[in-house]
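Numbering (the numbering used here), first residue to last: 1 to 553. Cβ coordinates follow ideal geometry from the N, Cα and C atoms, glycine included. First up is the structure itself, then whatever we jot down about it.
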RNA sequence: GCGCCCGUAGCUCAGCUGGAUAGAGCGUUGGCCUCCGAAGCCAAAGGCCGCAGGUUCGACUCCUGCCGGGCGCACCA
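Okay, here's the thing in structure tokens:
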């Protein structure tokens, strides 16, 4: 059981014993100042109205009736009615052994146990290479998957390929034009085509592989041929970059193969119609989106055009309902800000189809404004101008890129200065954290070289760890499981990144003032145990972010 | 015009579902390596938390209205 859960049970027991009502939730925070204890709760103030008592009076009763527990040294009432908890030093030091015993399991929890979650992110169109914002979404999505899994959820990560519809056609036409040019024929790019150089390169590859022009074949067939080829290669390239980035998807689904070819759009449209959730007008089929006020859409949406073709929305509704929700009870989509107008209608559709509102989550990953030497670089796939994810990885490095994106909230637009990122890559915060880990590993190498026998750390005597700095470090380590749980619940991986910097900072300062390898064997072993624990927690934390914890750097 | 996101130190950003005296990195200034890794440590300077009201024991946090920036408002995806 986690520490804060133990404290909560103590508070509840005390309230019950005092004949006071219990709160629905008991929130614990780590006070900014050490004088305010290791944990504090505002329960007495929350309860004041229901209990018809003054907060401080309630707090007094809780403190008086709090059952004895090994974790807690003392409690005190403070301010307008806080209860401050001071942990018992002996218990804290002893807890190190449990963390070491848990090893890579430390930080895991059960807060999402039993949930089946379908998590989609990146899902860039197969019409071009991945760009910077995709790297941001990939870092956040992957970290989120790791967090959710650490809390017991069964997560399926997914990259959805939009290999159908008008964009597919534009790609097919663009690529065909490039191929014709490659063969020396005059051909102009279509109006809505993709002018990027990458299609020129792809056309060259295509020809080198013996691909032909398909003269005389019907247009439908040619577009299918060129489109499929281009999509396959684009997806392949995207997958390769993501793999280099450390992001692997469980599922690569295809709009054409997994939705359209299976007749799902038709199916879901019939279901909607049967339930009276849609209507015909001007030859098109409309979804009654506006009347579902709780979802927030302001107008009805077309599901099937008057031409008979389903819209992207119609296809997507089918996909979510018949594929995603068939395999999961919770769906999380990370989308770009250009899709946020789309969110309300999807929520409305999901609710109309009977899925609880909280089962469908959308996270908007805001744009990355790229700066080069302080000047914004305008990016446009349509104009073929962009900075590739590949270039970013080469210039800055995988760990630094991921960590940088994970130190920002997903819904906050961020500026990424390439020049600064490159120049500062050696003092990027990620190295600060990794350095703490490498430093600790180095201590153990050092010890081994000196022939020092390190006993089993999980049963080492930790009682020599009595200094305030020792205890402060240990108490921070004890926060980790709660941190992970909170970051998962809030879908905020950046909390991990920030916390790791604080932990590293505390360790570096401790290290400066505390000699580990030394004459006093009991003290040395206790400090080695502390170091090993810090390294374990840093490793576990970085692992949740998909960032490596190097042995040396 | 309507909707969503964002305005916090010179810059880039945190501030944990309302808590106690607002933080970090970078940058600036000044110290610290005969001692386990100086990618480190210590210290200083730097703030009307966009503005104005409201809610309450308490507001960077919630509500309203402005100002400023970004993005959306298709039988496109």
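Backbone CA spacing between residue 61 and residue 14 [nearest angstrom] = Locating residue 61 in the first chain gives position 61, counting from the first residue. Locating residue 14 in the first chain gives position 14, counting from the first residue. Using only the alpha carbons, I get a separation of about 7 Å.
Review point. Going by the CB atoms, is the gap between residue 108 and residue 150 shorter than 7 Å?
Key: Within the first chain, residue 150 is the residue found at index 150, counting from 1. Within the first chain, residue 108 is the residue found at index 108, counting from 1. Closer than 7 Å, so yes.
Mind the definition here: the region 364-373 touches the region 410-428 only if three or more C-beta pairs lie below 8 Å; say whether that holds.
yes
Residues in its own chain within less than 7 Å of residue 112 by CB, not counting five upstream and five downstream? By 1-based counting over the first chain, the position of residue 112 is 112. Cβ neighbours of residue 112 beyond the five flanking positions: 148, 151, 152, 153 and 488.
*With distances taken between CB atoms, is the gap from residue 269 to residue 223 smaller than 7 Å?*
In the first chain, residue 269 corresponds to position 269, counting from 1. In the first chain, residue 223 corresponds to position 223, counting from 1. Cβ atoms of residue 269 and residue 223: not closer than 7 Å.
Original post:
If you follow the beta strand (DSSP E) that residue 75 is part of, which residue opens it and which one closes it?
Top reply: The residue given as residue 75 occupies position 75 in the first chain. Taken as a continuous stretch (DSSP letters only), the beta strand (DSSP E) holding residue 75 covers 72-78.
Going by DSSP in three states, residue 19 sits in which element: helix, strand or coil?
Residue 19 sits at position 19 when you count from the first residue of the first chain. Coil at residue 19, not helix or strand.
query: Helix, strand or coil: how does DSSP classify residue 369 here?
result: Here residue 369 refers to the residue found at position 369 of the first chain. Correct three-state label for residue 369: strand.
**Prompt:** What are the uninterrupted segments assigned as beta strand (DSSP E) that are 3 or more residues long and contained completely in the region 266-321, given in chain order?
**Reply:** 278-281, 284-287 and 301-304
- Message: I believe residue 314 touches residue 265 by the beta-carbon criterion, under 8 Å. Please report the beta-carbon distance rounded to the nearest angstrom.
- Response: Looking up residue 314 in the first chain gives position 314. Looking up residue 265 in the first chain gives position 265. Going by Cβ atoms, the distance from residue 314 to residue 265 rounds to 5 Å, so yes, they are a contact pair.
So residue 171 packs on residue 127, CB below 8 Å; how close in whole Å?
On the first chain, position 171 is the one that residue 171 refers to. On the first chain, position 127 is the one that residue 127 refers to. Contact holds; Cβ gap of about 5 Å.
When the Cα of residue 131 is compared with those of 369, 214 and 349, which residue comes out closest?
In the first chain, counting from the first residue as 1, residue 131 sits at position 131. Residue 131 has its Cα closest to that of 369, out of 369, 214 and 349.
* Asked: Tell me which same chain residues have a C-beta within less than 6 Å of the C-beta of residue 343, skipping the five on either side of it?
  -> Reading the first chain from its first residue, position 343 is the one you call residue 343. Counting only Cβ-Cβ distances below 6 Å, and skipping sequence neighbours, we find 362.
Which residue's Cα is closest to the Cα of residue 200: 403, 49, 184 and 133? Indexing the first chain from 1 puts residue 200 at position 200. Nearest C-alpha to residue 200: 184.
| query | Which residue or residues does DSSP assign as beta-bridge partners of residue 333? | reply | Locating residue 333 in the first chain gives position 333, where the first residue counts as 1. For residue 333, which the question treats as bridged, DSSP gives the partners 120 and 362.
Span of the alpha helix (DSSP H) holding residue 154?
In the first chain, residue 154 corresponds to position 154, counting from 1. Per DSSP, residue 154 belongs to no alpha helix (DSSP H); it is in the beta strand (DSSP E), 154-161.
- prompt: Relative to the alpha-carbon of residue 33, which residue among 70, 80 and 84 has its alpha-carbon at the smallest distance?
  reply: Translated into positions along the first chain, residue 33 becomes position 33. Residue 33 has its Cα closest to that of 84, out of 70, 80 and 84.
* Beta-carbon spacing of residue 158, residue 251 below 7 Å -> One-based indexing of the first chain puts residue 158 at position 158. One-based indexing of the first chain puts residue 251 at position 251. Yes.
TODO: Output the distance between the C-alpha atoms of residue 535 and residue 337, rounded to the nearest integer angstrom.
DONE: In the first chain, residue 535 corresponds to position 535, counting from 1. In the first chain, residue 337 corresponds to position 337, counting from 1. Answer to the nearest angstrom: the Cα atoms are 38 Å apart.
CA-CA distance, residue 349 and residue 117? By 1-based counting over the first chain, the position of residue 349 is 349. By 1-based counting over the first chain, the position of residue 117 is 117. Those two C-alpha atoms are separated by around 19 Å.
Problem - Given residue 103 as reference, the closest of 155, 496 and 481 once Cα atoms are compared - result: Here residue 103 refers to the residue found at position 103 of the first chain. It is 481.
- Tell me residue 125's beta-bridge partners as DSSP assigns them. Here the question's residue 125 lines up with position 125 in the first chain. Residue 125 pairs with nothing; no bridge assigned.
* To do: Give, in chain order, every unbroken run of the alpha helix (DSSP H) that is at least 4 residues long and sits entirely within the region 503-533.
  => none
Can you round the beta-carbon distance between residue 504 and residue 545 to whole angstroms, since I take them to be within the 8 Å contact cut? For the purposes of this step, residue 504 is taken as the residue at position 504 of the first chain. For the purposes of this step, residue 545 is taken as the residue at position 545 of the first chain. The Cβ separation is near 13 Å, so there is no contact.
query = Should residue 399 and residue 247 be called a contact, given that it needs their Cβ atoms to be closer than 7 Å?
reply = Here the question's residue 399 lines up with position 399 in the first chain. Here the question's residue 247 lines up with position 247 in the first chain. No, Cβ-Cβ distance for residue 399 and residue 247 is not below 7 Å.
Could you have a look at residue 106 and say whether DSSP puts it in helix, strand or coil? One-based indexing of the first chain puts residue 106 at position 106. Coil, per DSSP.
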